[in-house]
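Just below is one structure, and these are the notes that go with it.
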Amino acid sequence: MVDIETYIRNSFSLEMKTKFSIDENEKFSEFDINSWIFIPNSLDINSSTYSKNQFYSDVKSKVRFITPIYRLEEIVNKGAIPYNNLRAAMLALCQTLDIEKKEGNLYEYEFQLKMFMAIFRSAIRDFISEVKQANDLNLMKEKVQLFIDSIEEIRTKFRQLRDIISYRQEEEQVYNYFNFSDEFLSYAILQHSFLLLNYLEASFKNQFSDLIIYLKDLILTEKEYMAKNGYVDLIQGDKENNQKVIYRHLMLNKYIESDLILNSTKKRDGDGVLVQQIYYSLAAGTSMIFATIVAFSFQQKYGNFTMPLFVALVISYILKDRIKELMRFYFAGKLGGKYFDHKTAISIKDEKVGWIKEAVDFITDDKVPEEVLNIRSRSALLEVENKIHNEKIILYRKKVRLDNINAMKEETYSFEGINDIVNFNITRIAQRMDNPHITGYTLSELSSKGQVEMVLADKVYYLNVIVQFKNLDQVAYRRFRMLVQRTGIQKIEELPIEVD
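Going by UniProt numbering, the sequence shown opens with residue 1, and the numbers climb by one from there.
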């Protein structure tokens, strides 16, 4: 199973998160993802102005495990697997005297802290989405109350676990790991509580007045706890302090998710390089055979050290190089759609999980599958313009293989699959766009008495992206459209696909 989500990461960066779920009944899972990016011709983006190296420098990716899914109320109750795993790891650490075992238990303790926080962050985010999607006020009130109760219980039970290490003489890093996680917990609680509070005050201030007060009390008690423990917090008007808060929050966020990130080693795709060199050798050999045949033929007919032989050798030498280059160009075109530019090996704890191959090429309309062009469904005006100046098309291909299902199963958690997170920076493309605003004119009223008024209109460009997913016999498509100006990405939207 494959799914994709898109976000505007910043003004010039689009994030696409692709979820690959494994089939536990198979030894490996394999997926193909083809993305066609349609770029307006007016931007003059082509293989000469936008090279492969430039594209790959604009694309940053990371691969991480999909966070195990638990509901917010299940983290410390109703089975409480994350809580029990963490508590067991802490007890094992403190009860172990053997130095070698203690090192392994320390790793497990830190791992369980990170997993607890990653699961909490995912659960609280999903719970707020549930609240916003509830279409019944009573149900929504129940969910908000459950949110408040769950947060209070989670933070209380988690912080009680500190007693396990407080009563024993442990190394400083043991306390640091716990404090880092505890501080992250505070930031996550405040961030998502404020998101929920803003939503309720904006839409249901009168209906949820009591719950809004409870939610504010939850926030205030968390802020008091942060101040008591020396955790930095945002202060209105204190620029230097707030910079430190944001920086520390980002560092803690990276620390928490570090055990979910898979190790990635990128290199040129060996299969493609080998076949390429074989074909290029054939091209060189063929051109040499041509030159040798010409030389032997003229030598046999005109003899050695004659002017005809000299001319023939010069011409054959010239043609030999041209033949070699033409054949290299021909073979490069044949290889383009079959092999890949890079192969990235992904692993966890030095155990290989699989690999990801990727390739990018500019292609023409005739190389695009008919069903993709139908999904693109150009407007009549664009189709006319496209007959004069072709819309430029980038094909970005990926092949993903997850071939070690056992590596997806940790002793305490089983991972559903991986997320391939790609950030595509469009700065190079946006630099070629015109000024973001154009001046136009209209009348203040539709009559001869109307006054001329100036209208400042946005000039925008549409970048269309069609993504094809293949897994076994299943094929699916998604269509996205970016609204872009020279000042950056304005909007990303998913468009429906019309089925004939």
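We treat Cβ as the ideally placed atom computed from N, Cα and C, and that holds for glycine.
Rounded distance between the beta-carbons of residue j and residue i, thought under 8 Å
i      : j      : result
LYS392 : ILE45  : 5 Å
ASN423 : LYS60  : 5 Å
LEU260 : PHE180 : Going by Cβ atoms, the distance from LEU260 to PHE180 rounds to 16 Å, so no, they are not a contact pair.
TYR109 : MET90  : 6 Å
GLN419 : LYS114 : At residue 419 the sequence reads Asn, which differs from the Gln that was named. With a Cβ gap of about 16 Å, ASN419 and LYS114 do not count as contacting.
LEU86  : LEU146 : The pair is not a contact, with the Cβ atoms about 22 Å apart (cut-off 8 Å).
ILE421 : ARG125 : With a Cβ gap of about 16 Å, ILE421 and ARG125 do not count as contacting.
GLY440 : VAL460 : Not a contact, Cβ separation roughly 14 Å.
ILE189 : GLU222 : 5 Å
TYR231 : LYS157 : Not really, about 19 Å apart at Cβ, beyond 8 Å.
ILE8   : ILE466 : Incorrect: roughly 19 Å between the Cβ atoms, too far for contact.
LEU72  : PHE116 : Between PHE116 and LEU72 the Cβ distance is about 13 Å, and since that is not below 8 Å, they are no contact.
GLU153 : ASN77  : 7 Å
ALA123 : ILE75  : 6 Å
Residue i CB to nearest heavy atom of the ligand COA below 6 Å
i      : result
ILE289 : With respect to small molecules bound, the structure shown includes none, and the ligand COA cannot be examined in it.
Selection from the options that minimises the alpha carbon distance to residue i
i      : options                        : result
LEU139 : SER186, GLN451, GLN207         : GLN207
ALA457 : ALA476, TYR441, LYS449, HIS437 : HIS437
LEU218 : ARG155, LYS352, ASN179         : ARG155
ASN263 : TYR231, LYS352, GLU152, ALA359 : LYS352
PHE340 : LYS267, HIS249, SER347         : LYS267
ALA359 : ALA345, LEU395, ASP365         : LEU395
ASP3   : PHE362, ARG125, ASN242, GLY417 : GLY417
THR364 : PHE194, ILE37, LYS101          : ILE37
ASN464 : THR412, ASN374, GLU142         : ASN374
GLY184 : SER447, GLN236, MET226         : With the sequence shown as reference, residue 184 is identified as Phe, and Gly is not the correct amino acid for it. The shortest Cα separation from PHE184 among SER447, GLN236, MET226 belongs to MET226.
SER150 : GLN112, ASP98, SER297, ALA80   : ALA80
ASP23  : PRO496, GLU498, LEU472         : LEU472
ASP136 : PHE204, GLU153, GLN54, TYR175  : PHE204
LYS254 : ARG121, GLN236, PHE415         : ARG121
LYS228 : VAL76, HIS192, SER186, ILE164  : SER186
ASN415 : ILE348, ASP182, ASP238         : The question names Asn, yet the displayed sequence has Phe at residue 415. Closest option to PHE415, Cα to Cα, is ILE348.
LEU14  : GLY450, SER47, GLN243, ASP58   : ASP58
ILE497 : ASN390, ARG376, GLN54, ILE148  : ARG376
ILE39  : SER129, ASN390, MET307         : ASN390
Cutoff 8 Å; reference residue i; Cβ partners in own chain excluding five residues on either side
i           : result
VAL144      : VAL131, LEU196, LEU200, PHE208, LEU211, LEU215
GLU371      : TYR477
PHE12       : ASN425, ILE426, THR427, ALA430, GLY488, ILE489
GLN173      : LEU106
PHE194      : ILE219
LEU43       : LYS392, ILE429, ARG432, MET433, TYR461
residue 542 : Lying before the first or after the last residue shown, residue 542 is absent from the chain, which here runs from 1 to 500.
VAL475      : GLN468, PHE469
LYS244      : VAL232
Close-in-space but distant-in-sequence residues of the same chain around residue i (CB under 6 Å, 5 per side omitted)
i      : result
LYS470 : ASP32
GLU453 : THR442, SER444
LEU250 : none
GLU494 : PHE480
GLN490 : LEU483
ARG486 : ALA430, MET433, PRO436
ALA345 : THR265, TRP355
ASN105 : ALA92, LEU93, THR96
LYS102 : THR96
GLU5   : LYS17
GLN112 : ASN85, LEU86, ALA89
TYR247 : none
ASP403 : PHE28, GLY354
LYS398 : ILE33, GLU358
THR412 : ASN85
GLN468 : ASN34, TYR477
Chain-order list of residues whose beta-carbon lies under 7 Å from that of residue i (same chain, five-residue window excluded)
i      : result
ARG401 : PHE28, GLU30, GLY354, TRP355
ALA118 : THR67, ILE256, GLU257, LEU260
TRP100 : It is worth fixing the name first, because residue 100 is Glu in this sequence and not Trp. Cβ within range, chain order: n/a, list empty.
LEU381 : In this predicted model, LEU381 has a pLDDT of only 46, less than 50, meaning its place in the structure is not dependable enough to derive any value.
VAL384 : Annotation note: pLDDT 49 at VAL384 (below 50); position unreliable, coordinate value reported separately. So the list is empty, once near-sequence residues are dropped.
ILE235 : ASN241, ASN242
Bridge partners - residue i, DSSP secondary structure assignment
i           : result
VAL422      : MET16, SER61
ASN263      : SER347
ILE37       : ILE394, VAL465
residue 566 : There is simply no residue 566 to check, as the chain begins at 1 and stops at 500 in what is shown.
SER29       : LEU402
LYS491      : LEU483
LYS205      : The partner list for LYS205 (beta bridge, DSSP) is empty, contrary to what the question assumes.
GLY417      : SER21
ILE363      : ILE393
LYS352      : SER347
**Prompt:** What are the uninterrupted segments assigned as beta strand (DSSP E) that are 3 or more residues long and contained completely in the segment 426-481, given in chain order?
**Reply:** If we require 3 residues or more, the beta strand (DSSP E) runs fully inside the segment 426-481 come out as 437-443, 452-458, 461-471.
**Item:** Contained alpha helix (DSSP H) runs [length at least 4] in the segment 106-169, N- to C-terminal order
**Value:** If only complete runs of 4 or more residues are kept, the segment 106-169 shows the alpha helix (DSSP H) at 137-160, 162-166, in order along the chain.
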